[in-house]
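Working notes, beginning with the structure itself.
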Amino acid sequence: MKERDTLHNFLFEHAAIRGDVVHLDATWREVLKRHAYPAPLRSLLGELMVAAALLTARLNFEGSLSLQLQGSGPVTLGVVECSSERLMRGLLHWTGDVEAGTLPQLMGSGQLVITIEQRRSGERYQGVVDVAGDSIADAIECYLAQSEQLETRLWLVANAQSAAGLLVQRMPAQDEDEDADAWPRVVQLADTVKGEELLGLDAHEILHRLFYEEDVRLFEALPMAFRCSCSLERVQNTLRMLGHDEVLDIIAERGSVDVTCEFCNQKYVFDAVDAEALFADAPVSANPSLRH
Ligand SMILES: [Zn+2]
Numbered sequence: 208m209k210e211r212d213t214l215h216n217f218l219f220e221h222a223a224i225r226g227d228v229v230h231l232d233a234t235w236r237e238v239l240k241r242h243a244y245p246a247p248l249r250s251l252l253g254e255l256m257v258a259a260a261l262l263t264a265r266l267n268f269e270g271s272l273s274l275q276l277q278g279s280g281p282v283t284l285g286v287v288e289c290s291s292e293r294l295m296r297g298l299l300h301w302t303g304d305v306e307a308g309t310l311p312q313l314m315g316s317g318q319l320v321i322t323i324e325q326r327r328s329g330e331r332y333q334g335v336v337d338v339a340g341d342s343i344a345d346a347i348e349c350y351l352a353q354s355e356q357l358e359t360r361l362w363l364v365a366n367a368q369s370a371a372g373l374l375v376q377r378m379p380a381q382d383e384d385e386d387a388d389a390w391p392r393v394v395q396l397a398d399t400v401k402g403e404e405l406l407g408l409d410a411h412e413i414l415h416r417l418f419y420e421e422d423v424r425l426f427e428a429l430p431m432a433f434r435c436s437c438s439l440e441r442v443q444n445t446l447r448m449l450g451h452d453e454v455l456d457i458i459a460e461r462g463s464v465d466v467t468c469e470f471c472n473q474k475y476v477f478d479a480v481d482a483e484a485l486f487a488d489a490p491v492s493a494n495p496s497l498r499h
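Going by my numbering, the residue at position 251 of the sequence shown is 458; the numbering climbs one at a time, nothing skipped.
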């Protein structure tokens, strides 16, 4: 098995078309290790991970991109986050038995929420689309067509070992001599890609197989990795928001406050001493519910 965990950008030399190829390997298995997903949901989450990685490739600032699925069931929630450093985490919530099906069959009526956050300014952009089409790729294509008026096509695939994907996007034409037929031709060629090719071949092999008569420039591999952004500090802040009395009540009842991060299963445990320390430098009046 090839260990890759890479993102490659590429572009067509004689047409206003760009693209990306993503392979998630150890990154993806770190996600699978933490929760046992039924096979249809494993595919769904893998595709969502790859889609987030492909979309993050277009961020030109430090920040993060998240994709959130909100469904009426069996899948009720899906969250995938990817930072501009290409560090990812993801999870799905579901209820009951799940059988293979289209995206609407897996999540009922629902929405896809795309959030992009700039780290430095804290600026946040959020787009919401009703889930349309049969797959994550369809939903993302629909979102990009609506929000950016950019024609984009995605091919996504995931199994128990790897998840992979290909994106091509038509950019505004730069000059009139440009090859006008390039976009339909590139889409038609890309559409012949097979799931096993995306999973098994390296980026240059995929591009060569699909576009061997085209002039394609493939850029260097950029690394991808699993990383959860949870931290002791964040959990402490959440507990401070909950308030001194509430936290002490829980400890009186259960002996400790246990917080488990759902993305990475990291457990944070606070006993009475930890709790007092938590509020020692944050007076009770800092509790939002006690202000006014
Ligand atoms: Zn975590």
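Don't be surprised by glycine CBs; every beta carbon is placed ideally from N, CA and C.
Could you tell me if Ser-221 is buried or exposed, where buried requires 16 or more neighbouring beta carbons within 10 angstroms of its beta carbon?
Numbered from its first residue, the sequence shown carries residue 221 at position 14. Rather than Ser, the amino acid found at residue 221 in this sequence is His. His-221 is exposed by the Cβ-count criterion.
Given a threshold of 16 other Cβ atoms within 10 Å of its Cβ, counted over all protein chains shown, does Thr-263 qualify as buried or as exposed?
As a position in the sequence shown, residue 263 is number 56, starting the count at 1. Buried.
Just to confirm, does Phe-470 get its C-beta within under 6 angstroms of one of the non-hydrogen atoms of ligand 1?
Within the sequence shown, residue 470 is the residue found at index 263, counting from 1. For ligand 1, at least one heavy atom lies less than 6 angstroms from the Cβ of Phe-470.
Own chain, CB closer than 7 angstroms to Arg-326, minus 5 neighbours either side, in chain order
Here the question's residue 326 lines up with position 119 in the sequence shown. For Arg-326, where only same-chain residues beyond five positions count, the Cβ hits under 7 angstroms are Glu-269 and Gly-270.
What residue range does the beta strand (DSSP E) around Gly-402 cover?
Start at 1 with the first residue of the sequence shown, and residue 402 comes out as number 195. It is not in any beta strand (DSSP E) - Gly-402 instead sits in the alpha helix (DSSP H) that spans 402 to 407.
What residue range is occupied by the uninterrupted alpha helix (DSSP H) comprising Ser-250?
As a first step, residue 250 is located in the sequence shown; it is residue number 43 there, counting from the start. 246 to 263 is the span of the alpha helix (DSSP H), which, as asked, contains Ser-250.
Quick check on Phe-470: buried or exposed, where buried means 16 or more other Cβ atoms within 10 Å of its Cβ?
As a working note, residue 470 is residue 263 in the sequence shown. With 16 or more Cβ atoms within 10 Å of its Cβ, Phe-470 is classed as buried.
Leu-414 versus Leu-396, Leu-429, Glu-403 and Met-431, residue with shortest Cα-Cα distance:
Looking up residue 414 in the sequence shown gives position 207. Answer by Cα proximity: Leu-396.
Could you tell me whether any non-hydrogen atom of ligand 3 is closer than 6 angstroms to the CB of Cys-289?
Absence of ligand 3 from the depicted structure is noted, with ligand 1 being the only ligands included.
Does DSSP put Pro-430 in a helix, a strand or coil?
By 1-based counting over the sequence shown, the position of residue 430 is 223. In the structure shown, Pro-430 sits in a strand (DSSP, three-state: E or B).
With hydrogens ignored, establish whether the beta-carbon of Gln-473 is closer than 6 angstroms to any heavy atom of ligand 1.
Within the sequence shown, residue 473 is the residue found at index 266, counting from 1. For ligand 1, at least one heavy atom lies less than 6 angstroms from the Cβ of Gln-473.
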